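Keeping their order, the protein sequence lines are chains A and B. Residue 628 in our numbering sits at position 98 of the first sequence, with consecutive numbering throughout. Residue 250 in our numbering sits at position 246 of the second sequence, with consecutive numbering throughout.
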Amino acid sequence: MIDSKESQPTWAGLVGLSFIVVLTAFGQAGAQDGNGDLTGERLVNARKEPQNWATYFGTYDAWRYSSLDQIRADNVKNLVSVWAFQTGKVDGGLNATPLVVDGVMYLIASEDRVFALNAETGDRMWTYNYKFPRDLVSPYGKFNRGVAVGYGLVFFGTMDNHVVAIDAKTGKEVWNVEVEDVKKCGCNINGAPFIVKDKIIVGGTGGDSAHRGYINAFNAKSGRLAWRFYTIPGPGEPGHETWPETDMWKYGGGSTWLTGSYDPALNLIYWGIGNPSSDFNNSVRPGENLYTNCIVAIDADTGKLKWHYQEIPHDAWDFDSAYESVLIDVTRNGKSEKLLVHPNKSGFVWVLNRETGKFINAWPYVDTITWVKSIDKDGKLIGRNEPEVGKPNLICPNWGGGRSWNHSAYSPRTGLWYNDGIEWCANVTVYPQEAREGRSFVAGNVDVKPPPDGPIRAHLDAFDPVTGQKKWTLPFKYPILSSLLVTGGDVLFTGDVEGRFLAFDAKTGKQLWSFNTGSGHRGGPITYSVKGRQFVAVPSGLGSLFVSGMPATWPEAAGWPGGSAVFVFALPEGNRK
Amino acid sequence: MAWRFGGVCVRVARRESEVTEQHPTKSDVSRAGISLLVRIIALLLAVAIGFDLPGDKQFESTASASSLLQARDKLKDPRIIAEGAKLFAPSCGNAYCHGTGGVGGGAPRLRGKDLDAAYLFKSISNGIPGTPMPSFKSELSDEQIWTLVAFIGSAAKTSSAADPPPSLPAPSSSTAPVNSAEPIAFSSLVGSSQAGKALFFDASQPRSCHACHSLNGEGTPIGPDLSAAASRSPRDLLLSIILARGLKDAQYATITVALRNGEKVVGVKKEEDAESLRVYDTTELPAVLRTLQKADVAKVEYANESVMPKDYASAYTMKQLLDLVTFLKSSPQSKSTLTLKDLFQ
C-alpha cells in the first residue's frame, strides 16, 4: 500500500559511503569549515547526505529515518560505546536532538548551553553559554530541544524568548533578536528552529498563558524578521469571527512550541498549532477558535496561509495539535497521493491530503479514549465529552496525551510508522479564570487515574500510517519519553525512562540490544557516519515537566537520577559488516 | 500543550473582599485569625530567623514565647488550612504547576516535604528566579499567602474536586477600547492611561514603543529609557513622538555600517571592543543585536538623527496619541488626566 520510494541498500549506497570517506579524509579542515556551504538548497536534499543529521527531524518530512545501513538488525547486538560527552548540568535533563554536519556534532543543553563536538571522537571544539538575566522567571522551563545549522551559523531559541545565531566555527554570537519580552508575554522558545531556503523558522511557547501565538521567519544571515504568521487572526482577518467579541483573541494561546515540516515541491511549511487557552474552560471563548488545534500550511516565502485543517474545534481538553507533521507519499487505488500524518495529544492520528488539507482519515493510536465517542468519515467529532465547571469528569487519555511530544519515526523500507502510546485517564476539574496578559491561563486541575480496564501502562507500536492497522506492539510499564529513530538497517532505536537505550527489529518489534546509560531518555537519538563508520548517538538525562509529574503516578520515579550526557555507539572497528 | 515544563502558575485573583462577600461569616472569622497569625509569624521570622518582615511592617515586636507557640498553632488551624486548600487549587494546583493538592504537577511536589514556612512564604511572594515560579505578590494578599503556607505544610487533602471555588465575575477586557464608538466632542476627549499602556506594549505591532524603549524595567532599551517621561510636558512628549527632532543624546545617533560583503547595517550602536562592534540593526523590528567583526567592516558613519520612525503622526489617531502621552505622564503613584487641549499647551 505504501509506496517505498527509498531503494533497498545497494552498491550505489556503498559507493556513496566511500565517497564520504574521501570527503572526510581531508581531515579536520573538513570538520571545522563551519558549514558555510550548508544552505537551504542543500537541506532540501538532506536524505542524499545520510552521513549527516542536518536538521531537527533529520529531513524536512519529519521521518526521523536514516538510510545508513552498516548497523543492521543482524549485527546491532555487537554495538559498543565509542564516546560520551557530559554537558555538566543535570537540571532540566537533556531534551535535545543533536545535529551532525560534516563530522561535527552541535548540541544544545539546558539553559541554552551550546557545544560543538568532533562527532568521531567526542572532543569538544567550543562551548557557548547563553547569558540570561539573573532574575529570569522562565515560564516554560530551562530545557531546549535543538538547534538549526546552516550558512556557517548555529541557531537556537532561548529560555528568555530570544533567537540567537552563533558562528559555527567559533561559537561566538553573530546576531540576537528578542522576539517578545518574556516578562510580558509569558512565552519563550524551547523548540528547535529549522532552516527553509534563506530563512530560519521558529515557533514559541505560551499556549497555556494568556498570549497570542505565532510562527516567525527571520533572515538567516541578518536576523531581520521576514514574516510572522499569527495563529489567531486579528480583527478583519478571515477566521477572526471564530472568536468572541472580547479580547479573548489576544489571549487565546495557539502556541507553536515544536518544529514544523516542509515540502520543497509545494513550498509549504506545515505546523501543528497548540491548544487554545484557557486550556480547560472553553466557555470563555465560544466559537471554533481558529487556528488553534489546526494543521496550517504556510507559504514558505511569504508566511501566508495556504490551507488549514482544524482537528479539534473549540478544544476543552488541552489536546493541542503541536506534534510533528509526517509527510508521506502513498499510492492508493492506483493514484499517488501526498499525505500528512499527524499524531495529536488526544490519542488520534489525523491523515490529511497535504496539497489541499482535505481530511482522509483519523484513527486511534491508544485504546482508551473517552473525550469523544468517534470521529466520522468526514472528520467530524461525534459525542464530545467535555469537562465542565463544578463537575469533575473522567477524561481519557490524560491531559498529558496519548503520548508526549517525543517524536515518532517512519521507515520507507517497511512502510511502517512507529509511535508510542500511554493508556491513562484523568479527572479534570474546571475553574473559572480571568485572562491576564502573559499569565498562566489553564483554568483546570487534573487528577491522574488509571483507565477503566486496568492499570496505567504504555506501549511501542508499528502502524500502517494511513489505515492505523497495527503491525506489532510491545508493552512497556512506563511511558516512552525518547523520540524514535529508524534506519536503513531496519533497526528501531529509542530509550526508556530508566536509562536503557534500546534497539528493536523494525519489522517484528523484537528487542535486539540494550545499553544502560544511567539516566532516563527524553531527547532524540540520531545516526550519522564519519569516515565510513556509522555512529548512533543518544542523549541521556531525565528531566522535563512530564518527568516531574511522574512520581505522583509512579512513586519509584522520585528516585530516578537526573543526567545530561550524549552516548555514542558504533560497531567495533574491523567488525563493520 | 503537552507536558511542557511548568507554566506560570494559575492566578485566580481572589481578593479578600471577594471572599468576604461570598462567605461573610466564615471568612470574617478566619480573617481575624489570619491577621493575628500574620503578625505573630512576622515576628517569629524577624526574631528567630532574621528574615525580612513579609507581613505587617508596622507591627512592633512585643511577642512572648507563648505567642510564638500560638503562631505555630495557627499554621495548624484547620480553618486556615481549609482556606489555603481552597485557594491552592486554582492558584497553584494546575497540572502545569504543582498538581492537584500539590502532587503530580510539572513543578516540584510540595506536599509531605516538611518545607520551611518562611521559605514558602518568601517563594510564593517573590517567585524563584531561574525557575518558572512567578511572584504572587501582586495577586494575593499576605494573609492569603499564609493560608497557602498553612495548607502546604499540612496533611490535609485539597478541597474536594466536587467543590470548586465560587464563580468569579465573567472575564473582562484588560484593556480599554482604544477608539470609542461614540462620537466625542473635541473638548471632552480624555486620554486613557490604560489604553496608552496597551499601545505602548502592543505585542502585535512590531513598531510599538516597547520595541525600542524601556519604561520601569519593561521594554527594550535601544532608544532612550522613558521611565522619567512623566516629568516632561505633554506637548514635549507629543512632539517627540510625531516629529523627527534633533538628537538630545549622541548615544542614540544613527549608525550605518558598510560591510565588506556589500551589506549595510543601519541602527544604534550598543557597544564595541577591540575586535567587534555591536549594533542594534533596526531595519526590521524587532531590532536585531548584531555582532559585527571589525575585520568585516568597510566603513562606519554616524548621522545626527535618531532611527525612530517618522510617521507616527499618521500611524496613530489623535486619540491614540493622547492615550500614549497620558500613559507616559502617569506614574504608579498618580494617574494623569489629560485632554486634547493639554497636548498643545
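Glycine included, every Cβ here is placed at the ideal spot set by N, Cα and C. Please read these numbers as outputs of a predicted model, since none were measured by experiment.
Where the alpha helix (DSSP H) containing residue i begins and where it ends
i              : result
residue 127(B) : 121–130
residue 246(B) : 238–246
residue 205(B) : Note, residue 205(B): premise wrong, no alpha helix (DSSP H); not H, not E.
residue 330(B) : 322–333
residue 82(B)  : 82–96
Residue i and residue j closer than 8 Å at C-beta
i              : j               : result
residue 850(A) : residue 804(A)  : yes
residue 113(B) : residue 105(B)  : no
residue 927(A) : residue 877(A)  : yes
residue 644(A) : residue 686(A)  : yes
residue 934(A) : residue 981(A)  : no
residue 937(A) : residue 1013(A) : yes
residue 707(A) : residue 290(B)  : yes
residue 932(A) : residue 952(A)  : yes
residue 810(A) : residue 917(A)  : yes
residue 669(A) : residue 739(A)  : yes
residue 520(A) : residue 856(A)  : Chain A is shown only over 531 to 1107; residue 520(A) falls outside these bounds and no answer can be derived.
residue 300(B) : residue 292(B)  : no
residue 238(B) : residue 329(B)  : yes
residue 788(A) : residue 852(A)  : yes
residue 133(B) : residue 677(A)  : no
residue 879(A) : residue 869(A)  : no
residue 216(B) : residue 226(B)  : yes
residue 324(B) : residue 203(B)  : yes
residue 109(B) : residue 100(B)  : yes
residue 598(A) : residue 1059(A) : yes
Anticipated Cβ contact below 8 Å, residue i with residue j, distance rounded
i              : j              : result
residue 257(B) : residue 251(B) : 6 Å
residue 279(B) : residue 298(B) : 6 Å
Span of the beta strand (DSSP E), counted from its first residue to its last, around residue i
i               : result
residue 696(A)  : 692–697
residue 150(B)  : Element bounds for residue 150(B): not the beta strand (DSSP E) but the alpha helix (DSSP H), 146–157.
residue 873(A)  : 865–873
residue 1058(A) : 1056–1060
residue 294(B)  : 292–297
residue 712(A)  : Taken as a continuous stretch (DSSP letters only), residue 712(A) belongs to no beta strand (DSSP E), being part of the alpha helix (DSSP H) at 712–715.
residue 616(A)  : 610–616
residue 862(A)  : 856–862
residue 1044(A) : 1041–1046
residue 1032(A) : 1030–1035
residue 1076(A) : It is not in any beta strand (DSSP E) - residue 1076(A) instead sits in the alpha helix (DSSP H) that spans 1075–1083.
residue 791(A)  : 791–793
Contacting residues, own chain, Cβ-Cβ under 7 Å from residue i (five flanking each side not counted)
i               : result
residue 631(A)  : 565, 568, 582, 584, 679
residue 673(A)  : 622, 623, 625, 640, 720, 1073, 1074
residue 956(A)  : 925, 928, 929, 976, 977, 978, 979
residue 1037(A) : 944, 1020
residue 986(A)  : 953, 954, 980, 1083
residue 186(B)  : Reliability of the predicted coordinates at residue 186(B) is poor, the pLDDT of 46 falling under 50, and no value is obtained from them.
residue 897(A)  : 953
Sequence-distant residues of its chain with Cβ nearer than 6 Å to residue i (five each side left out)
i               : result
residue 605(A)  : none
residue 1063(A) : 1100
residue 336(B)  : none
residue 713(A)  : none
residue 309(B)  : 258
residue 1039(A) : 1002, 1004
residue 770(A)  : 763
Sequence-distant residues of the same chain with beta carbon closer than 8 Å to residue i, five excluded per side
i               : result
residue 825(A)  : 800, 801, 802, 803, 838, 839, 841, 851, 855, 870, 872, 880, 882, 887
residue 1045(A) : 609, 611, 1030, 1031, 1097, 1099
residue 817(A)  : 771, 772, 773, 774, 844
Using a Cβ cut-off of 9 Å, which residues of the region 85–107 of chain B contact any Cβ in chain A, in chain order? 93, 94, 97, 98, 99, 100, 101, 103, 104, 105, 107
Got a sec: which bits of the region 655–687 of chain A sit with their beta carbon under 7 Å from any beta carbon on chain B, in order along the chain? 664, 665, 666, 667, 668, 669, 670, 671, 673
Name the residues in the region 875–895 of chain A whose C-beta lies less than 9 Å from a C-beta of chain B; which are they? Listed by position, the residues of the region 875–895 of chain A near chain B (Cβ gap below 9 Å) are 875.
Of the residues that make up the region 221–250 of chain B, which ones have a beta carbon closer than 9 Å to any beta carbon in chain A? 221, 222, 223, 224
Under 8 Å (Cβ pairs) to chain B, residues found in the region 688–710 of chain A: 702, 703, 704, 705, 706, 707, 708, 709, 710
If the cut-off is 8 Å on Cβ atoms, which residues from the region 284–300 of chain B count as contacting chain A, listed in chain order? 285, 287, 288, 289, 290, 291, 292, 293, 294, 295
Give me the subset of the region 961–975 of chain A whose CB atoms are less than 9 Å from a CB atom of chain B, sorted by chain position. 961, 962, 963, 964, 965, 966, 967, 968, 969, 970, 971, 972, 973, 974, 975
Cβ-based contacts, 8 Å cut-off: residues of the region 193–217 of chain B near chain A: 205, 207, 208, 210, 214
Quick one: which residues of the region 134–150 of chain B get their C-beta closer than 9 Å to a C-beta of chain A? List them in chain order. 134, 135, 136, 137, 138, 139, 143
At a CB distance below 9 Å, what residues from the region 105–124 of chain B approach chain A? Give them in sequence order. Under the 9 Å Cβ criterion, the region 105–124 of chain B contributes 105, 107, 108, 109, 110, 111, 112, 113.
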